[in-house]
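Protein sequences, first through last, are from chains A and Z.
When the count follows our numbering, it moves up by one through the first sequence with no breaks and lands on 641 for the last residue.
When the count follows our numbering, it moves up by one through the second sequence with no breaks and lands on 641 for the last residue.
Idealized CB from N, CA, C, for every residue including glycine.
Structure record follows, encoded as structure tokens.
There are 2 protein chains.
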Amino acid sequence: MVKPAKASASHAAPAARAYHHGNLRQALLEAALVLAQQRGPEGVSVREAARQLGVSPGAPFRHFPNRRALMTAMAEEASARLQIEVRKAIRPRDKTPLARLRALGRGYLQWARAHEAHFRIVSARDQIDLAGSPGLQASMQAVRALTEQTLHEAQAVGEVSLAHDAAALALLSRATVYGLARMQLDGHLPQWGVKPGGEAAATEATLALLVKLMAAGASGAPAA
Amino acid sequence: MVKPAKASASHAAPAARAYHHGNLRQALLEAALVLAQQRGPEGVSVREAARQLGVSPGAPFRHFPNRRALMTAMAEEASARLQIEVRKAIRPRDKTPLARLRALGRGYLQWARAHEAHFRIVSARDQIDLAGSPGLQASMQAVRALTEQTLHEAQAVGEVSLAHDAAALALLSRATVYGLARMQLDGHLPQWGVKPGGEAAATEATLALLVKLMAAGASGAPAA
DNA sequence: ACCTGAACACCGTTCAAGT
DNA sequence: ACCTGAACACCGTTCAAGT
């Protein structure tokens, strides 16, 4: 986007173009994101990003030790934003724990739809270095903790039966939402009877079904 | 695996090595699978496979129009095998529809664990050409049909409430099992409280929980 | 019919040298 | 401190030519 015009003559002093970019790290992240949007995570080329920014092929390696580090930095940003959006998806009107759980899941699904490239990067485990990124792990843990806590509250309040294992409930919620998000982005939903354009409605109805099933076996809920 | 010894002298007639492989297509699929096992689907290189088989870099392209076609052929084989295993996972002792649904899901999870490389290829949507492979679509549809039919039976028999949308039930089952399989292979389970080595037990317990939740709201089941 | 081998247009990454 | 530009060891793919 900030591609500078090439110097026209080879003998003149190259005064027109700043010697270094000043902000190459951030510019690389932005260019890489555009490439990911156009060609998917695999299609991100650090050479191509450098070319678009008018720097030499080696320049990016002053800012990222390797391609994987670039991808991981993108995933960190994505996952931080996802965490924020998921939190914001829970509105004050969602008064019961299960209503919050559903809102949380819906926020996740909506974010995956709205930020497909970023979502793909976060879940492209062979392109990023999850183990080497405390930030990435932290924002994933935050979503997990929110899920588990909400389920604990649902059990405490009698919305979900205490007979069910809390860890299994959390894992079930996460697996379902993650599976739905992937099926959505990978184009598997049409095969499951979802009409084109109906992805959002279908995934959210499925999420709602899970929440309803979780509530069904409960005993001491204050209201039905 | 069938790597022929290099001709020792350069002046002698190359009679020792057959001019062509005779079975290059199949050999490529096998070599590519080994590469996928070692480095993941992204690590599959057709040049490297050719090298290992002692053929020239261009040779594979007589058998596959491009790399994606090779990957798709691998996915076809994988998905045909997955379908068979899932069917075999349903034992005669699984008398009720929900018992069969659970067995089916367990078969899927076990296969994903036992054939990680193949499973990754089937679900690597940007490496394969799902739309251009009727075979791949067919075996995926077969698993889907089995899931949906089993759920219909569960509703007919009163094991699952007719109040729930059949399509949503099927999608919920699939999303859960797919999500669990991915989390398992991508190493996300430790973060969700699963101890190393406990992946099989945790995913299967989660599947069992889903089945239990589905049964909970039913009314007219013959037996509890 | 099947394969070779050279070529083309790409990669990621390193590193001396420049500013 | 930051970047260049050449180099290295790779890719996927094509295509004339060989057997």
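Practice item. Show which residues of chain A have a CB atom less than 9 Å away from the CB atom of Glu459 of chain Z. Key: Start at 1 with the first residue of the second sequence, and residue 459 of chain Z comes out as number 42. Residues of chain A passing the Cβ test: Glu459, Asp543, Gln544.
Check your understanding: Are the C-beta of His581 of chain Z and some C-beta of chain A separated by less than 8 Å?
Key -> The count along the second sequence starts at 1 and reaches residue 581 of chain Z at position 164. Answer yes: the Cβ-Cβ gap between His581 of chain Z and chain A drops below 8 Å somewhere.
Review point. Which ranges does the beta strand (DSSP E) cover as unbroken runs of at least 3 residues, wholly within the region 467-504 of chain A, from first to last along the chain?
Key: none
Review point. If the cut is a Cβ gap below 7 Å, which residues of chain Z does Met619 of chain A touch?
Key: Here residue 619 of chain A refers to the residue found at position 202 when the first sequence is read from its first residue. Contrary to the premise, residue 619 of chain A reads as Ala rather than Met in this sequence. Neighbours of Ala619 of chain A on chain Z, chain order: Leu588.
Practice item. Assign Ile545 of chain Z to one of three DSSP states: helix, strand, or coil. Key: As a working note, residue 545 of chain Z is residue 128 in the second sequence. Ile545 of chain Z: coil per DSSP, three-state reduction.
Check your understanding: Do you know whose CA, among Z:Glu502, Z:Pro607, Z:Met491, Z:Arg456, lies nearest Asp546 of chain Z's CA?
Key -> For the purposes of this step, residue 546 of chain Z is taken as the residue at position 129 of the second sequence. Per the Cα distances, Z:Met491.
Exercise for review: Pull up the distance between the alpha-carbon of Arg484 of chain Z and that of Arg464 of chain Z, whole angstroms please.
Suggested key: Indexing the second sequence from 1 puts residue 484 of chain Z at position 67. Indexing the second sequence from 1 puts residue 464 of chain Z at position 47. Using only the alpha carbons, I get a separation of about 10 Å.
**Study point:** Cβ-Cβ separation, Gln608 of chain A to Arg561 of chain Z (assumed contact under 8 Å), whole Å
**Key:** The residue you call residue 561 of chain Z lines up with position 144 of the second sequence. The residue you call residue 608 of chain A lines up with position 191 of the first sequence. Correct: roughly 6 Å between the Cβ atoms.
Practice item. Just confirm the distance between the C-beta atoms of Gly647 of chain A and Glu493 of chain A, as a whole number of angstroms; I'd bet it's less than 8 Å. Key: The question about residue 647 of chain A has no answer here: the residues shown for chain A are numbered 418 through 641.
Check your understanding: Secondary structure at Leu627 of chain Z, three-state DSSP: helix, strand or coil?
Key -> Working through the second sequence from its first residue, we reach residue 627 of chain Z at position 210. Note: Leu627 of chain Z maps to helix in three-state DSSP.
Exercise for review: Would you mind stating whether Gly596 of chain Z and Tyr595 of chain A have Cβ atoms separated by less than 8 Å?
Suggested key: In the second sequence, the residue the question calls residue 596 of chain Z occupies position 179. In the first sequence, the residue the question calls residue 595 of chain A occupies position 178. Cβ distance < 8 Å, so Gly596 of chain Z and Tyr595 of chain A count as in contact.
Check your understanding: Do Asp543 of chain A and Gly604 of chain Z have their C-beta atoms within less than 8 Å of each other?
Key -> Against the first sequence, residue 543 of chain A aligns to sequence position 126. Against the second sequence, residue 604 of chain Z aligns to sequence position 187. Result no, Cβ atoms of Asp543 of chain A and Gly604 of chain Z do not sit closer than 8 Å.
Exercise for review: Name, please, each residue of chain Z whose Cβ falls closer than 9 Å to the Cβ of Asp511 of chain A.
Suggested key: As a first step, residue 511 of chain A is located in the first sequence; it is residue number 94 there, counting from the start. Ordered by position in chain Z, no residue passes the 9 Å Cβ test against Asp511 of chain A, which lies about 21 Å from the chain.
Review point. In its own chain, which residues sit with a C-beta less than 7 Å from the C-beta of Val628 of chain Z, not counting the 5 before and 5 after it?
Key: Here residue 628 of chain Z refers to the residue found at position 211 of the second sequence. Correct list, in chain order: Leu515, Leu518, Arg519.
**Study point:** Contacting positions in the region 558-573 of chain Z - beta carbon closer than 7 Å to chain A
**Key:** Gln558, Arg561
Exercise for review: For Gly610 of chain Z, go through chain A and note every residue whose CB falls closer than 7 Å to its CB, in chain order.
Suggested key: Looking up residue 610 of chain Z in the second sequence gives position 193. Simply Ala584.
Practice item. Please list the partners that Tyr525 of chain Z has in chain A, where partner means a Cβ-to-Cβ separation under 8 Å. Key: Sequence index remark: in the second sequence, residue 525 of chain Z carries index 108 (1-based). Simply none; closest approach about 12 Å.
Check your understanding: Around the C-beta of Ser425 of chain A, are 16 or more other C-beta atoms found within 10 angstroms, so that it is buried, or is it exposed?
Key -> As a position in the first sequence, residue 425 of chain A is number 8, starting the count at 1. Caution is warranted here: a pLDDT of 30 is assigned to Ser425 of chain A, below 50, making its placement in the model unreliable, and the coordinate value is therefore given only provisionally. Under this definition Ser425 of chain A is an exposed residue.
Check your understanding: Under 8 Å between C-beta atoms, does Leu597 of chain Z make it to chain A?
Key -> Position 180 of the second sequence, counted from the start, is the residue given in the question as residue 597 of chain Z. With 8 Å as the cut-off, Leu597 of chain Z counts as an interface residue toward chain A.
Point to revise | Backbone CA spacing between Ser550 of chain Z and Ser540 of chain Z [nearest angstrom] | key: The residue labelled residue 550 of chain Z in the question sits at position 133 within the second sequence. The residue labelled residue 540 of chain Z in the question sits at position 123 within the second sequence. Rounded to the nearest angstrom, the two C-alpha atoms are 14 Å apart.
Check your understanding: Ordered along the chain, which non-local residues of its own chain (more than five positions away) have a Cβ less than 6 Å from that of Ala548 of chain A?
Key -> Translated into positions along the first sequence, residue 548 of chain A becomes position 131. Closer than 6 Å at Cβ, skipping near neighbours: no residue.
Check your understanding: Comparing alpha-carbon positions, which option in A:Leu586, A:Ser473, A:Met631, A:Lys612 lies nearest Gly610 of chain Z?
Key -> For this step, residue 610 of chain Z is matched to residue 193 along the second sequence. With distances taken between Cα atoms, Gly610 of chain Z lies closest to A:Leu586.
**Study point:** Buried versus exposed call for Arg537 of chain Z [16 or more other C-beta atoms within 10 Å across all chains shown]
**Key:** Walking along the second sequence from the start, residue 537 of chain Z turns up at place 120. Flag for Arg537 of chain Z reads buried.
Review point. Given that Met631 of chain Z touches chain A, what residues does it touch there, using C-beta distances under 8 Å?
Key: Within the second sequence, residue 631 of chain Z is the residue found at index 214, counting from 1. Leu630, listed in chain order.
Point to revise | Limits of the unbroken alpha helix (DSSP H) element including Leu606 of chain A | key: Taking the first residue of the first sequence as position 1, residue 606 of chain A is located at position 189. Here Leu606 of chain A belongs to no alpha helix (DSSP H), and DSSP marks it neither H nor E.
Review point. Within 10 angstroms of its Cβ, does Pro477 of chain A collect 16 or more other Cβ (buried), or is it exposed?
Key: Along the first sequence, read from residue 1 onward, the residue named residue 477 of chain A stands at position 60. Buried is the call here.
Review point. Which residues in the same chain have their Cβ closer than 7 Å to the Cβ of His428 of chain A, if we skip the five residues on either side of it in sequence?
Key: Start at 1 with the first residue of the first sequence, and residue 428 of chain A comes out as number 11. Reliability fails at His428 of chain A, whose pLDDT of 26 lies under 50, so the model's placement of it is uncertain and the value that follows must be treated cautiously. Within the same chain, His428 of chain A has no close Cβ partners at all.
Point to revise | Span separating the alpha-carbon of Val461 of chain A from that of Asp582 of chain A | key: Reading the first sequence from its first residue, position 44 is the one you call residue 461 of chain A. Reading the first sequence from its first residue, position 165 is the one you call residue 582 of chain A. For Val461 of chain A and Asp582 of chain A, the distance between alpha carbons rounds to 42 Å.
**Study point:** Trp528 of chain Z versus Val472 of chain A - alpha carbon distance
**Key:** Counted from its first residue, the second sequence places residue 528 of chain Z at position 111. Counted from its first residue, the first sequence places residue 472 of chain A at position 55. If you take the alpha carbons of Trp528 of chain Z and Val472 of chain A, they lie about 47 Å apart.
Review point. Can we count Gly552 of chain A as close to the ligand SAH, meaning its CB is less than 7 Å from some heavy atom?
Key: By its list of ligands, the structure shown contains no ligand whatsoever, and the ligand SAH lies outside what it can speak to.
Point to revise | Contact check, Glu616 of chain Z vs Leu606 of chain Z, beta carbons under 8 Å | key: As a working mapping, residue 616 of chain Z is identified with position 199 in the second sequence. As a working mapping, residue 606 of chain Z is identified with position 189 in the second sequence. The answer is yes: Cβ separation under 8 Å.
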